[in-house]
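First up is the structure itself, then whatever we jot down about it.
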Amino acid sequence: MPSSVPSPSLATMSIDENAVLLPDPDCAVVAIEPPAVGEGYWAGAPSAVAADGLVYLAYRLRRPVGQGRGYAVVVACSADGERFETLTSVTREQMDAESLERPSLVRLPDGRWRLYLSCATAGTKHWRVEVLEAADPAAFDARSRVTVLPGDPKTGVKDTVIVRRDGVWHLWASCHPLADPDEADQMVTDYATSADGLEWTWHGTALSGRPGLWDERGSRVSAVRFDGDRVLAFYDGRASTAENYEERTGIAAGTEPDALTPLGEEPAALSPHRGRGLRYLDIVDLPAGGARLYYEYTRPDGAHELRTELR
Numbered sequence: 066m067p068s069s070v071p072s073p074s075l076a077t078m079s080i081d082e083n084a085v086l087l088p089d090p091d092c093a094v095v096a097i098e099p100p101a102v103g104e105g106y107w108a109g110a111p112s113a114v115a116a117d118g119l120v121y122l123a124y125r126l127r128r129p130v131g132q133g134r135g136y137a138v139v140v141a142c143s144a145d146g147e148r149f150e151t152l153t154s155v156t157r158e159q160m161d162a163e164s165l166e167r168p169s170l171v172r173l174p175d176g177r178w179r180l181y182l183s184c185a186t187a188g189t190k191h192w193r194v195e196v197l198e199a200a201d202p203a204a205f206d207a208r209s210r211v212t213v214l215p216g217d218p219k220t221g222v223k224d225t226v227i228v229r230r231d232g233v234w235h236l237w238a239s240c241h242p243l244a245d246p247d248e249a250d251q252m253v254t255d256y257a258t259s260a261d262g263l264e265w266t267w268h269g270t271a272l273s274g275r276p277g278l279w280d281e282r283g284s285r286v287s288a289v290r291f292d293g294d295r296v297l298a299f300y301d302g303r304a305s306t307a308e309n310y311e312e313r314t315g316i317a318a319g320t321e322p323d324a325l326t327p328l329g330e331e332p333a334a335l336s337p338h339r340g341r342g343l344r345y346l347d348i349v350d351l352p353a354g355g356a357r358l359y360y361e362y363t364r365p366d367g368a369h370e371l372r373t374e375l376r
């Protein structure tokens, strides 16, 4: 296991060096509106893929607690990356889940597609990850689901980030302790690898919160980029239980994917509105050059919308 102590180059790296990929809400447009106005109504938790001249986007829709929570994951496509047409949706009932959270949309080398779904086990604090596979992103069928990350009685697993590189599947997932239900909102990011994206080997915790800082209560990796001899990650963090659902975005880096060090002592991006949430950042490289950012953003009325920016 590589050391978690940062190298001198990483220790002196600043957030400013990576600001080109940080959200700037003033430059964004709304890609997906929340299902209704007000707190607890969200459209967000995006996962995007550029393929065949289109941008494909999987995202989660949510109602307030007691009214359905994460009730559906939608798969959509767009020619311009901003205006999306729904292809299909998967509901919590179809997945036998109390709630759905962030999906991961992945295109396979043979052209097929996978949709990894974070599913809350009914009546518990437990989360698991299941996968659907289809020839086309409009054809996902919940009846074909397979559990790939079951978690265990002590740990809930969700919110996967998946990157294929040099024939290896890399995964970062948010892991939550379940021994004490009052502490289950805490989160760290664990790292795993796979040869096929179905059978995973865990390699321990890659990123955790820092006592006394803005990410003390939890850190959840949302996007990862391999950049030469370093790994650059964007992550969601919060300082307390009260900030659950309103995480801000930070940056972490490392020389290995299983050992990431946060950069800076303040959030790198946040909303100016109530709650201050700006989370679940995803970055998709475009074939013609540049990239698109997608992220979940807290509005003045407390609802969350899904925004996008072109870089």
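Residues 66 to 376 in our numbering are what the sequence shown lists, from first letter to last. We put the beta carbon where it would ideally sit given N, CA and C, even for glycine.
In terms of residue numbering, what span does the beta strand (DSSP E) encompassing residue i cover?
i, result
"residue 336", "Residue 336 -> no beta strand (DSSP E), and no H or E assigned at all."
"residue 284", "283 to 292"
"residue 190", "From DSSP, residue 190 is part of no beta strand (DSSP E); its letter is neither H nor E."
"residue 164", "Where residue 164 is concerned, there is no enclosing beta strand (DSSP E), given that its DSSP letter is neither H nor E."
"residue 327", "324 to 328"
"residue 350", "343 to 350"
Roughly how many angstroms separate the alpha carbons of residue i and residue j, rounded to a whole number?
i, j, result
"residue 238", "residue 295", "19 Å"
"residue 181", "residue 172", "11 Å"
"residue 373", "residue 90", "9 Å"
"residue 219", "residue 274", "19 Å"
"residue 245", "residue 100", "33 Å"
"residue 98", "residue 338", "16 Å"
"residue 253", "residue 284", "5 Å"
"residue 229", "residue 197", "17 Å"
"residue 77", "residue 153", "Annotation note: pLDDT 49 at residue 77 (below 50); position unreliable, coordinate value reported separately. Roughly 45 Å between the two C-alpha positions."
"residue 257", "residue 267", "4 Å"
"residue 306", "residue 281", "10 Å"
"residue 270", "residue 133", "31 Å"
If you drop the 5 nearest sequence neighbours on each side, which residues of the same chain put their C-beta closer than 6 Å to that of residue i?
i, result
"residue 67", "Because residue 67 carries a pLDDT of 36, less than 50, the predicted location of this residue cannot be relied on, and the following value inherits that uncertainty. 321, 324."
"residue 390", "Lying outside 66 to 376, the shown extent of the chain, residue 390 is not represented and no answer is given."
"residue 259", "234, 265"
Apart from the five residues just before and just after residue i, which ones in its own chain have a Cβ nearer than 7 Å to its Cβ?
i, result
"residue 317", "272, 298, 300, 325, 326, 327, 328"
"residue 151", "139, 141"
Kindly indicate which residue of the options has the alpha-carbon position closest to the one of residue i.
i, options, result
"residue 102", "278, 141, 370", "370"
"residue 385", "310, 118, 200", "The structure shown does not extend to residue 385, since the chain spans only 66 to 376, so no value can be given for it."
"residue 234", "216, 264, 211", "264"
"residue 95", "107, 314, 177", "107"
"residue 249", "184, 191, 224", "191"
"residue 203", "217, 344, 170, 130", "170"
"residue 302", "341, 200, 243", "341"
"residue 163", "364, 279, 92, 128", "128"
"residue 214", "84, 345, 314, 225", "225"
Under the three-state reduction of DSSP, which class applies to residue i: helix, strand or coil?
i, result
"residue 207", "helix"
"residue 150", "strand"
"residue 361", "strand"
"residue 461", "Residue 461 cannot be examined here, being either before or after the span of the chain that is shown, 66 to 376."
Excluding the five sequence neighbours on either side, which residues of its own chain have a C-beta within less than 8 Å of the C-beta of residue i, listed in chain order?
i, result
"residue 347", "111, 112, 113, 287, 288, 358, 359, 360"
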